[in-house]
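Asker:
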């Protein structure tokens with residue numbers, strides 16, 4: 003069974019040119035134009051500022067400093083809250099708020115917290131990570 007799953011993933015990558023990294027992490031559309039004013043209004047409308055501060059800089063109780071988290075970590079946490087309701091008190095509050103968000107709204111909130119060009123910055127970072135910075139003395143990347 004595992005062999006078939008692996009083979010189907012390999013064939014889909016080969017035939018359709020799917021990036022495996024996009025299957026394993028959260029990706030964002032770099033071509034989308036985020037409206038920061040709308041994103042800011044959504045941030046305050048959903049009451050994110052109550053625990054996370056006006057710009058995601060605050061930490062109260064079990065909350066996290068959103069400014070210090072990557073866009074993938076924020077989206078992963080939001081989706082995680084919607085999937086797992088068995089957690090601590092602070093997390094149970096996030097379950098309530100996160101379950102009311104659509105994925106597009108999550109992206110808008112992330113755009114407000116991380117900046118309008120966060121998706122482009124992530125793509126540039128991915129391109130920079132494609133090849134390790136330094137080869138070994140034998141011209142390979144494996145040590």
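Numbering (the working numbering), first residue to last: 3 to 145. C-beta: ideal position from N, C-alpha, C; glycine also. Remember, it's a predicted structure, so these values are computed and weren't measured experimentally.
Starting from the Cα of residue 116, find the closest Cα among 98, 6, 42 and 5 and give me that residue.
Answerer: It is 42 whose Cα lies nearest to the Cα of residue 116.
Asker: Can you check whether the CB of residue 78 is closer than 9 Å to the CB of residue 67?
Answerer: no
Asker: Give me the Cα-Cα distance between residue 110 and residue 5, rounded to the nearest whole angstrom.
Answerer: 39 Å
Asker: For my contact list, residue 100 and residue 84 are in at a C-beta cut-off of 8 Å; report their separation, rounded to the angstrom.
Answerer: 5 Å
Asker: Leaving aside the five residues before and after residue 107 along the sequence, list all residues of the same chain whose C-beta is less than 7 Å from its C-beta, in chain order.
Answerer: 44
Asker: Just mark residue 96 as buried or exposed, buried being the case when its beta carbon has 16 or more other beta carbons within 10 Å.
Answerer: buried
Asker: Measure the C-alpha to C-alpha separation of residue 37 and residue 98 and round it to an integer number of angstroms.
Answerer: 25 Å
Asker: Check each candidate in 7, 119, 112 and 81 and name the one with the smallest Cα separation from residue 69.
Answerer: 112
Asker: Let me know the secondary structure DSSP gives residue 67 once reduced to three states.
Answerer: coil
Asker: Between residue 3 and residue 10, what straight-line distance do the alpha-carbon atoms span, to the nearest angstrom?
Answerer: 11 Å
Asker: Considering only C-alpha positions, which residue in the set 122, 118 and 114 is nearest to residue 51?
Answerer: With distances taken between Cα atoms, residue 51 lies closest to 114.
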